[in-house]
Amino acid sequence: MTPPADVGRGADAKPHAPERDEAAHRAAVRGLHDQAARLGILDALDAEPALIFAPGDPR
Amino acid sequence: MTASDPAAWTLAGVARAIRARRLSPVEVTRALLDRIERFDPQINSFITVLRADALKAARAAEREIVRGRYRGPLHGIPYAAKDLFLTRGIRTTCGSRVLADFVPPEDAAVVERLRDAGAILLGKLNMHELAYGTTSVNPHFGAVRNPWDRERIAGGSSGGSAAAIASSFALLTLGSDTGGSIRIPSALCGIPGLKPTYGLVSRRGAYPLSWSLDHVGPMTRTVEDLAIALRAIAGHDPRDPASARVPVPGYARLQKGLGGIRIGLPRTYYFDRLDEDVGRAVEEAVGELRRLGARILDVDVPGLGEASVAAFVTLFAEAAASLERWRLERPGDLGADVRGRLDVGAEAMAVEYIKAQRVRTGARANFRRAFERVDALVTPQLPIAAPRITETEVTIGGTTEGVPAALTRFTRITNLVGLPSLSVPCGFSASGLPIGLQIIGPPFGEPMVLRIGHAYERRAGWHARRPPVE
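Top line first, the protein sequences correspond to chains A and B. When we follow our numbering, the leftmost residue of the first sequence carries the number -14, and every step to the right adds one. When we follow our numbering, the leftmost residue of the second sequence carries the number 5, and every step to the right adds one.
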């Protein structure tokens, strides 16, 4: 169920976002990629596909 | 038990009194509403209080019970729901300006189930915006204050849910947990809170953050109360595609003790970089578990560091997808922290997300192997007690880390692998702030997790301490 797009658009709503801090954003994105690098390097022969909901998983 | 003493109430105790007609649902509801009206302005745990609706429902419950139609232990029990659970005809903000006037046409599944059980909705609770954060310092509705020290965070994202229980404003609250959002505020506010197994409790009508990490669960005054609440809200729901088809046990066989139970301590990762007070409280709790008859074993769960990263990558990528509309259409209406996280998540790469899911599969297998040796794992719930509202970083053992990273370090992995995780109070810091113990079970191991938590709680007695709300 999706709320209508104008929900919460009161008189004080801000339609235009203030400029974001690009330097902080780039640093945070680098942080994400640095973290993700810890997930390792895959080899195709080693890498069986992973499913979010694995068949037979008891959950 | 009298209507003038809500701070001494438990859900189980009030249920017994209502059933025996020593307390009426109207008395209980009115006492809690009066307490909310008087003291919540200092805590800010509620976004919406439903005084007239709650009293009407309480009178209806009373009439039914007097006529002999008692539905069970939640009949006439007042509860409150985090403001991300859809409530038909009642504004559901998700703590955000983007949903400030959203009035849903239907109820969340857990709200339906609690209504069918006869529970009474007192109101909707404050939270971290869109459940995407750990502090509940909400830019639109104000910060939830920790009842033990109002200059400190209640934790998040279910901060209002925890603060309301600690302040004795409700006998049960509902929370959601995507990276620790039930357990973090439970630990920081000194109450028990349960993140159930993925798929045990329907998420239908809980505003999504991250589909494969989101969980719904109860927060209460005692572990016994959690068991009662879980019984009511658990069970298959075809409207939640992740809902499991498993039988719902009674959960209430909590009195069996811990003789012969094997409890594992994953010393690597979960005991790294702890505040001294936390380390001491957790070691003392482990000693109590041993004295209760449990066998304590060190266990190795490999790959926890990678699993923690996989949880972080999964959350950032899935949240950027599920909340994309607000990031693109209403960025100026989002708080700076949530907007920043969504902007970063939008740059997560597909290859990173896919690798995170492989790590997730491996992590599940590693936990499965650990549970061949033990019945449950015990860890610190958090490495620290509640930070001040103004703090953005904490330093532990000479290492500085951001508050959200520290608060989710021991919580987010069991969101990734879907395991049941209970936070139970295990002491206080030197400055009087609550500390939590985490008990993790195998899939659908809630009966064991609750049994251990209950036995420990009875022995330790921390749950009887109340913050000075009055």
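Glycine residues also receive a C-beta, built at the ideal position from the N, C-alpha and C atoms.
| Item | Value |
| --- | --- |
| Runs of 3 residues minimum, wholly inside the region 36 to 116 of chain B: which ones carry the beta strand (DSSP E) assignment? | 50 to 53 and 82 to 86 |
| Given 8 Å as the limit, is there contact between the region 276 to 289 of chain B and the region 341 to 348 of chain B, that is, 3 or more CB pairs closer than that? | no |
| Just to confirm my understanding: we take A256 (chain B), look at its own chain, exclude 5 residues before and 5 after, and list those with CB closer than 8 Å. What are they? | E228, A231, I232 and R235 |
| Would you decide whether L27 (chain A) is buried or exposed? Buried here means 16 or more other CB atoms lie within 10 Å of its CB. | exposed |
| Ordered along the chain, which non-local residues of its own chain (more than five positions away) have a Cβ less than 8 Å from that of E292 (chain B)? | Y460, R463 and A464 |
| With a threshold of 8 Å between beta-carbons, can K128 (chain B) be considered close to chain A, or not? | no |
| Start and end of the beta strand (DSSP E) containing D181 (chain B)? | L176 to D181 |
| Determine the DSSP secondary structure at E405 (chain B), reduced to helix, strand or coil. | strand |
| Beta-carbon of A29 (chain A) versus every beta-carbon of chain B: anything under 8 Å? | no |
| Just how far apart, CA to CA, sit C98 (chain B) and N142 (chain B)? | 11 Å |
| Which stretch, first to last residue, makes up the beta strand (DSSP E) that contains I442 (chain B)? | The amino acid occupying residue 442 (chain B) in the given sequence is Gln; Ile does not appear at that position. Looking at the DSSP string, the run of the beta strand (DSSP E) that includes Q442 (chain B) is P438 to I444. |
| Find out if the Cβ-Cβ distance for the pair G160 (chain B), G137 (chain B) is shorter than 8 Å. | yes |
| Considering just the uninterrupted stretch of the beta strand (DSSP E) at F432 (chain B), what are its terminal residues? | S425 to F432 |
| Smallest Cα separation from T399 (chain B): which of B:G440, B:G336, B:E376 and B:E280? | B:E280 |
| Label P472 (chain B) either buried or exposed according to how many other C-beta atoms from any shown protein chain fall within 10 Å of its C-beta, with 16 as the threshold for buried. | exposed |
| Is any beta-carbon of chain A found at less than 8 Å from that of G336 (chain B)? | yes |
| Name the two residues that bound the continuous beta strand (DSSP E) containing K199 (chain B). | G197 to K199 |
| Assuming A56 (chain B) and V30 (chain B) make a contact with CB atoms under 8 Å, what is their CB distance in whole Å? | Incorrect: roughly 13 Å between the Cβ atoms, too far for contact. |
| Could you run through the region 340 to 354 of chain B and flag, in chain order, every residue whose CB is less than 7 Å away from some CB of chain A? | G344, D347, V348, E351 and A352 |
| Which residues in chain A sit within 7 Å of V220 (chain B), going by Cβ to Cβ distance? | Result: empty, since nearest Cβ-Cβ is about 14 Å, beyond 7 Å. |
| Which term fits V355 (chain B), buried or exposed, when burial requires 16 or more other beta carbons within 10 angstroms of its beta carbon? | exposed |
| Relative to the alpha-carbon of A135 (chain B), which residue among B:R71, B:S100 and B:W152 has its alpha-carbon at the smallest distance? | B:S100 |
| Mind checking if A8 (chain A) is an interface residue toward chain B, Cβ cutoff 8 Å exclusive? | no |
| Return the chain-ordered list of same chain residues with a C-beta closer than 8 Å to the C-beta of T272 (chain B), the five sequence neighbours on each side being excluded. | D304, V305 and L308 |
| For chain A, find out if any of its Cβ atoms is closer than 8 Å to the Cβ of K60 (chain B); answer yes or no. | no |
| Give me, in chain order, the residues of the same chain whose beta-carbon lies closer than 6 Å to that of R208 (chain B); leave out the 5 immediate sequence neighbours on both sides. | A113, D241, R243 and D244 |
| For A(-4) (chain A), is the classification buried or exposed, using 16 other Cβ atoms within 10 angstroms of its Cβ as the cut-off for buried? | For A(-4) (chain A), the predicted structure reports a pLDDT of 45, less than 50, and the residue's modelled location is therefore unreliable. The matter cannot be settled from this model. |
| By DSSP, does H132 (chain B) sit in helix, in strand, or in coil? | coil |
| Using beta carbons (cut-off 8 Å, strictly below), is V313 (chain B) in contact with chain A? | yes |
| Which residues of chain A have a Cβ atom closer than 7 Å to the Cβ of E116 (chain B), listed in chain order? | What E116 (chain B) touches in chain A: nothing, since even the nearest Cβ is about 14 Å away. |
| Thinking I444 (chain B) and T415 (chain B) are a contact (beta carbons under 8 Å), I'd like their distance in whole angstroms, please. | With a Cβ gap of about 10 Å, I444 (chain B) and T415 (chain B) do not count as contacting. |
| With distances taken Cα to Cα, identify the nearest neighbour of L262 (chain B) among B:P387, B:A298 and B:A12. | B:A298 |
| Looking only at its chain, what residues have a beta carbon closer than 6 Å to the beta carbon of A238 (chain B), apart from the 5 residues adjacent to it on each side? | L204, V205 and V252 |
| Please look up how many angstroms separate the CB atoms of E310 (chain B) and L24 (chain A), rounded, as I've assumed it's under 8 Å. | 6 Å |
| When the Cα of D337 (chain B) is compared with those of B:R364, B:I124 and B:H144, which residue comes out closest? | B:H144 |
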